[in-house]
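Trainee: Quick one: structure below, then a few questions.
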Amino acid sequence: IAGITQAPTSQILAAGRRMTLRCTQDMRHNAMYWYRQDLGLGLRLIHYSNTAGTTGKGEVPDGYSVSRANTDDFPLTLASAVPSQTSVYFCASSDTASTSGGTDTQYFGPGTRLTVL
Amino acid sequence: GQNIDQPTEMTATEGAIVQINCTYQTSGFNGLFWYQQHAGEAPTFLSYNVLDGLEEKGRFSSFLSRSKGYSYLLLKELQMKDSASYLCAVRDGDYKLSFGAGTTVTVRA
């Protein structure tokens with residue numbers, strides 16, 4: 001069982017270029033999330049999806065877009081990258097986004113280290 | 118939104134005990150999580166508290182007081198492999214996680 005995979009592992013990108021970070025999970029989790037992690041700031045939520053076909057904005061959504069065409073995949077797109085988007089990006093998934101009970105623990109992928117020059 | 122505070126760094130000796138405190142202010146509360154993150158790796162789930170009290174899992178324990186907006190993670194019998202960042206995360210009423218900046222624990226021989 002792979003869990004969550006992300007691609008690429010790392011990328012150096014010129015400012016202004018378009019970039020899609022890929023995330024795939026094989027746990028049949030219905031909720032998925034994208035975070036960025038910057039030194040001293042912790043993990044911040046960019047976008048999320050409670051179930052296939054729906055998406056929502058997190059704390060820092062500007063400059064990013066997502067889609068959720070199916071349960072397994074949740075790509076994150078930077079339409080025109082800027083240096084402030086240099087960060088480590090983590091994708092996560094959980095069994096359900098809201099429930100009357102249960103832990104709904106989020107499990108994280110290995111991350112993508114993105115540098116925008 | 119959430120305001121989550123935890124110390125930036127802590128150092129302890131192998132075999133000792135370390136307690137990492139986390140305080141939070143929240144507009145809604147649906148549980149508190151602790152994650153461990155080794156350098157260059159993904160966060161991994163350690164513990165979950167939704168009711169007041171202590172949850173014990175082997176060498177790791179986590180405590181929650183909802184009335185005080187306070188939690189701690191207790192690491193006992195420290196090992197070198199416990200050197201990592203420990204992230205406190207609070208789940209709000211919309212079931213979204215907000216993370217503290219993390220506490221880097223260094224275990225020395």
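Read top to bottom, the protein sequences are chains U and B.
Here the first sequence is numbered in our numbering, starting from 1 and rising by one per residue.
Here the second sequence is numbered in our numbering, starting from 118 and rising by one per residue.
All C-beta atoms in this analysis are idealised placements derived from N, C-alpha and C, irrespective of residue type, glycine included.
Computed from a prediction, not measured in an experiment: that's the story for all the values here.
Give, in chain order, every residue of the region 37-54 of chain U whose Cβ lies closer than 8 Å to some Cβ of chain B.
Mentor: Along the region 37-54 of chain U, going in chain order, the ones with a CB nearer than 8 Å to a CB of chain B are 40, 41, 42, 43, 44, 45, 48.
Trainee: Considering only C-alpha positions, which residue in the set 153(B), 201(B), 216(B) is nearest to residue 128(B)?
Mentor: Within the second sequence, numbered from 1, the residue matching residue 128(B) stands at position 11. Residue 201(B) is the option with its Cα nearest to residue 128(B).
Trainee: Label residue 12(U) either buried or exposed according to how many other C-beta atoms from any shown protein chain fall within 10 Å of its C-beta, with 16 as the threshold for buried.
Mentor: For the purposes of this step, residue 12(U) is taken as residue 12 along the first sequence, with counting starting at 1. Label assigned to residue 12(U): exposed.
Trainee: What in chain U is Cβ-close to residue 213(B), meaning under 8 Å?
Mentor: On the second sequence, residue 213(B) is found 96 positions in, with the first residue counted as 1. Neighbours of residue 213(B) on chain U, chain order: 45, 48, 58.
Trainee: From what residue to what residue does the beta strand (DSSP E) around residue 43(U) run?
Mentor: The count along the first sequence starts at 1 and reaches residue 43(U) at position 43. First-last of the beta strand (DSSP E) with residue 43(U): 42-49.
Trainee: Classify residue 213(B) as buried or exposed, calling it buried when 16 or more other Cβ atoms lie within 10 Å of its own Cβ.
Mentor: Translated into the one-based positions of the second sequence, residue 213(B) becomes position 96. By the 10 Å Cβ count, residue 213(B) comes out buried.
Trainee: List the residues of chain B that residue 62(U) touches, going by C-beta distances under 8 Å, in chain order.
Mentor: Within the first sequence, residue 62(U) is the residue found at index 62, counting from 1. By Cβ distance, chain B contributes nothing, its closest Cβ being about 16 Å from residue 62(U), past 8 Å.
Trainee: Buried or exposed: which applies to residue 45(U), given that a residue is buried once 16 or more other Cβ atoms fall within 10 Å of its Cβ?
Mentor: If you number the first sequence from 1, residue 45(U) lands on position 45. Label assigned to residue 45(U): buried.
Trainee: Would residue 100(U) be called buried (16 or more neighbouring beta carbons within 10 Å of its own) or exposed?
Mentor: For the purposes of this step, residue 100(U) is identified with residue 100 of the first sequence, where counting begins at 1. Confidence at residue 100(U) is low in this model, with a pLDDT of 44, below 50, so its placement is unreliable and the value that follows should be read with caution. Flag for residue 100(U) reads exposed.
Trainee: CB residue 152(B) to CB residue 161(B), shorter than 8 Å?
Mentor: Counted from its first residue, the second sequence places residue 152(B) at position 35. Counted from its first residue, the second sequence places residue 161(B) at position 44. Yes; because the gap between Cβ atoms is below 8 Å, this pair is in contact.
Trainee: Could you tell me which of 207(B), 223(B), 224(B), 203(B) sits nearest to residue 154(B), measuring between CA atoms?
Mentor: The residue labelled residue 154(B) in the question sits at position 37 within the second sequence. Comparing Cα positions, the closest option is 203(B).
Trainee: How about residue 22(U) and residue 87(U): are their beta carbons less than 8 Å apart?
Mentor: For this step, residue 22(U) is matched to residue 22 along the first sequence. For this step, residue 87(U) is matched to residue 87 along the first sequence. Contact: no.
Trainee: Of all the CB atoms in chain B, is at least one closer than 8 Å to the CB of residue 104(U)?
Mentor: Within the first sequence, numbered from 1, the residue matching residue 104(U) stands at position 104. Contact with chain B is found for residue 104(U), since one of that chain's Cβ atoms lies less than 8 Å from the residue's Cβ.
Trainee: Run down chain U in chain order and give the residues with a C-beta less than 8 Å from the C-beta of residue 124(B).
Mentor: Sequence index remark: in the second sequence, residue 124(B) carries index 7 (1-based). Residue 124(B) does not reach chain U, its nearest Cβ partner there being about 13 Å away, counting only Cβ pairs nearer than 8 Å.
Trainee: Spell out whether any CB of chain B is found under 8 Å from the CB atom of residue 16(U).
Mentor: Walking along the first sequence from the start, residue 16(U) turns up at place 16. No, residue 16(U) does not count as interfacial toward chain B.
Trainee: Nearest by alpha-carbon distance to residue 92(U): which of 85(U), 105(U), 83(U) is it?
Mentor: What you label residue 92(U) is simply residue 92 of the first sequence in a count that begins at 1. When the alpha-carbon of residue 92(U) is set against those of 85(U), 105(U), 83(U), the nearest one is in 105(U).
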